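Each remark here refers to the structure printed beneath this line.
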Amino acid sequence: MLAPRIQGLPLVGAFFAHRADPLDFLTRASRLGDVVGFRLGRSEFHLISHPDGVQRVLVDNAAAYHKTGPGQDLIRYAFGDGLPTSEGERWRAQRRTTGPAFRNDRMADLVPAMASGASVLVDALLTSASRGDAIEATETFARVTLEIASRAMFGVDLASPASPVGAAQIGHATGGSAQAARTTGGSASTDRTTPQPDRAAAIERALGTIRCEVTRRGTSLTHGILGTSAPTPGNRRFAAAIRDLRAVAASMLALRRATSRDDGGEPPDDLLAILLGADHAANGDGDEALLDQLVPLLIASHLTTSNTLTWTLWLLSQDVQARERAEAEVDRVLGGRTPGADDVEQLPFVRAVIDEAMRLYPPGWRLVRWVADDDEIAGFRIPRATRVFLSPWVTHRHPAWWDAPDAFRPERFLAPAHERFAYFPFGFGVRQCLGRRFALLEATVLVSSILQRVRLDPVPGQLVVPAAQMTLTPRDGLRMRPSPR
Ligand code: HEM
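Okay, so the sequence shown: first residue is 79 according to the working numbering, each after it adds one.
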């Protein structure tokens with residue numbers, strides 16, 4: 079049986095309706111049925127919004143649903159063929175190598191790096207408060223999560239001086255192809271006195287351009303025709319940003335190698351050590367393969383978590399009672415201390431607030447799969463060589479699965495009673511987010527550290543609406559004013 083269908087226009091199907099507002103389009107589509115078909119440009123899609131369908135695609139018949147396809151090709155082009163986009167044997171090998179770094183028992187060791195990032199953030203917020211300054215929440219949180227990810231996973235302090243190679247390359251890409259950008263070298267000698275550009279700023283700058291280009295191309299009819307290799311200004315801009323991003327990552331790699339050599343003692347025991355140990359670098363594959371793993375992890379880990387922080391603190395600013403309850407829990411459990419690994423389990427309400435924020439504003443608002451084998455979901459045919467969308471945004475707010483779906487009610491996660499597959503901010507199955515525990519730990523440490531000492535309230539007069547970009551982010555940013563508690 080064929081699924082209900084949105085007809086759209088000749089040739090382009092529902093392309094323009096989807097491009098105008100993907101969140102609204104998908105929500106309206108889901109009201110037509112649990113499985114709904116439509117065409118976007120030349121490609122056929124089904125939106126699957128029923129939790130049973132989510133389970134079928136991500137778990138029960140996951141082998142028939144691949145992560146390849148134009149959208150993912152773009153991500154792979156931008157960040158390298160790392161874990162989030164790789165497929166088949168390459169993915170299995172990467173997951174085997176990287177998985178151990180994210181084992182449960184290793185996570186507690188990362189809490190001090192998270193807590194120290196949180197305390198720098200809180201001090202900066204208090205300084206802004208004393209000056210009467212507002213902050214841009216999205217940028218502030220992106221910076222702190224980037225710094226924590228660099229330190230916790232890669233053992234690199236973004237503010238440290240780097241090798242001359244890194245210094246020369248950061249921020250100096252001026253065009254050319256992304257392929258050329260991928261030859262960044264990276265095993266240089268280190269002069270720790272070389273004046274440094276700001277790595278975090280360089281990453282954010284490159285990422286700003288990449289996010290724009292990915293979002294624009296994901297909703298462009300001409301991208302499918304022109305691709306990324308035609309020498310258009312947009313393609314040059316895109317390639318230059320990719321090259322900048324990889325140059326910073328290469329400088330982190332060089333710095334890390336130099337630091338390990340200088341220390342001469344026990345090698346560090348973090349993700350980068352594991353990747354270096356698996357040794358692409360020394361034997362054969364070279365640094366480019368290592369960067370293909372490192373860059374997507376750096377990006378996957380920080381934007382998603384910073385979006386979660388932004389939405390969590392915004393939601394709390396809109397609900398005085400929930401904020402006071404969370405503050406009281408933090409005061410009771412931490413009593414003014416910096417949070418440690420054991421404390422995190424003792425903060426159920428803070429965690430429920432974060433879970434609820436990810437229900438209402440899931441950073442990964444849409445998962446895409448390429449259908450490799452014919453399938454059937456809820457009695458409807460899902461033909462091979464088409465694509466499916468699963469949307470946490472849609473299913474998390476579907477009235478069939480949630481009471482008062484648009485209301486912020488953290489209590490619902492204190493004793494969760496929802497359908498298991500109606501909530502999937504981290505996906506499910508073999509491709510589930512590798513950094514789930516890391517992210518939840520980091521978000522809990524950061525949110526509780528902020529609640530302990532600072533209040534954040536939005537500067538009045540802003541319209542806060544989510545934008546479906548690479549991640550779900552406030553469309554016009556979010557200005558917040560900190561004040562001491
Ligand atoms: C709140 C924060 C985060 C959210 C909401 C999130 C969400 C997701 C989602 C939805 C997926 C699955 C995508 C799919 O099935 O198509 C995913 C995959 C992934 N995430 Fe996260 N993520 C977060 C933080 C992190 C962190 C901190 C890391 C750390 C490195 C990370 C690393 C990854 C990786 C490597 C994958 C690909 C896994 C694979 O395909 O084997 N994520 N994430």
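By construction, the Cβ of each residue, glycine as well, lies at the ideal position given by its N, Cα and C atoms. It should be emphasised that the depicted structure is a prediction, and the values quoted were computed from it without experimental measurement.
So, for Glu405: in the same chain, excluding its five sequence neighbours on each side, which residues have a beta-carbon less than 6 Å away from its beta-carbon?
Leu529
Whole angstroms is fine: what's the gap from Arg117's alpha carbon to Val422's?
45 Å
Boundaries of the beta strand (DSSP E) in which His124 is found, first to last residue
Ser121 to Ile126
Does DSSP put Ala95 in a helix, a strand or coil?
helix
Tell me whether Arg509, by its Cβ, gets closer than 7 Å to a heavy atom of the ligand HEM.
yes
I'd like to confirm something about Phe504: is its beta-carbon nearer than 7 Å to some heavy atom of the ligand HEM, or not?
yes
Excluding five sequence neighbours on each side, which residues of the same chain lie with their C-beta closer than 8 Å to the C-beta of Ala485?
none
Does DSSP classify Gly164 as helix, strand or coil?
Contrary to the premise, residue 164 reads as Ser rather than Gly in this sequence. Reduced to three states, the DSSP call for Ser164 is coil.
If you measure from the CB of Ser379, is any heavy atom of the ligand HEM nearer than 7 Å?
yes
Excluding the 5 residues preceding and the 5 following Ile432 in the sequence, name in chain order all residues of the same chain whose CB lies nearer than 8 Å to its CB.
Thr386, Thr390, Leu518, Ala521, Thr522 and Val525
Sub-8 Å separation of Trp480 and His496 beta-carbons
yes
Tell whether a beta-carbon distance below 8 Å holds between Arg447 and Val428.
no
Spatial neighbours of Leu512 within its chain, please: CB distance less than 6 Å, with the 5 preceding and 5 following residues excluded, ordered by chain position.
Phe180
Under a Cβ-count criterion, where at least 16 other Cβ atoms within 10 Å of its own Cβ denotes burial, should Gln172 be classed as buried or exposed?
buried
Less than 7 Å between the CB of Ala521 and some heavy atom of the ligand HEM, yes or no?
yes
By the three-class DSSP mapping on this structure, what secondary structure does Thr551 have?
strand
What residues are listed by DSSP as bridge partners for Pro426?
The partner list for Pro426 (beta bridge, DSSP) is empty, contrary to what the question assumes.
Per DSSP, what kind of secondary structure is Gly115 in: helix, strand or coil?
strand
I'd like to confirm the pairing. Which residues does DSSP put opposite Ser561 in its beta bridges?
Arg533
Got a sec? Which residues, its chain only, sit under 6 Å from Met192 by beta carbon, not counting five neighbours each side?
Ile226, Glu520 and Val523
Cα separation between Gly263 and Arg437?
With a pLDDT of 36 at Gly263, under the threshold of 50, the modelled position of that residue is not reliable, and no figure is offered here.
Let's see if you can read the secondary structure: which residues bound the beta strand (DSSP E) around Pro100?
From DSSP, Pro100 is part of no beta strand (DSSP E) but of the alpha helix (DSSP H) over Pro100 to Ser108.
So, is Ala370 buried or exposed, given that buried needs 16 or more other C-beta atoms within 10 angstroms?
Looking at the sequence itself, residue 370 is Asp, so the reference to Ala does not match. It is buried - the Cβ of Asp370 has at least 16 other Cβ atoms within 10 Å.
Is DSSP giving Met144 helix, strand or coil here?
First, the amino acid is wrong: residue 144 is His here, not Met. Residue state, collapsed to three classes: strand.
For Asp201, name the three-state secondary structure that DSSP assigns.
helix
Buried or exposed for Ala360, going by 16 or more other Cβ atoms inside 10 Å?
Residue confidence for Ala360 is low, a pLDDT of 46 falling below 50, so the modelled location carries little weight and cannot support an answer.
Helix, strand or coil at Thr175 [DSSP, three-state]:
helix
With distances taken between CB atoms, is the gap from Ala107 to Leu125 smaller than 8 Å?
yes
Can you tell which of Gly195, Ile213 and Gly210 has the C-alpha that lies nearest to the C-alpha of Leu224?
Gly195
Under a Cβ-count criterion, where at least 16 other Cβ atoms within 10 Å of its own Cβ denotes burial, should Val532 be classed as buried or exposed?
buried
Should Gln133 be labelled buried (16 or more other beta-carbon atoms within 10 Å of its own) or exposed?
buried
Below 8 Å between beta carbons: does that hold for Ile377 and Gly131?
no
Look at Tyr155 and Thr306 and say whether their C-beta atoms are less than 8 Å apart.
yes
Is it buried or exposed for Ala220, if we count other Cβ within 10 angstroms and need 16 for buried?
buried
For Ala246, three-class secondary structure by DSSP
With a pLDDT of only 38 at Ala246, under the threshold of 50, the placement of this residue in the model should not be trusted; the figure read from the coordinates follows. The answer is helix: DSSP assigns Ala246 an H, G or I state.
Thinking C-beta only, is Ser197 closer than 8 Å to Thr388?
no
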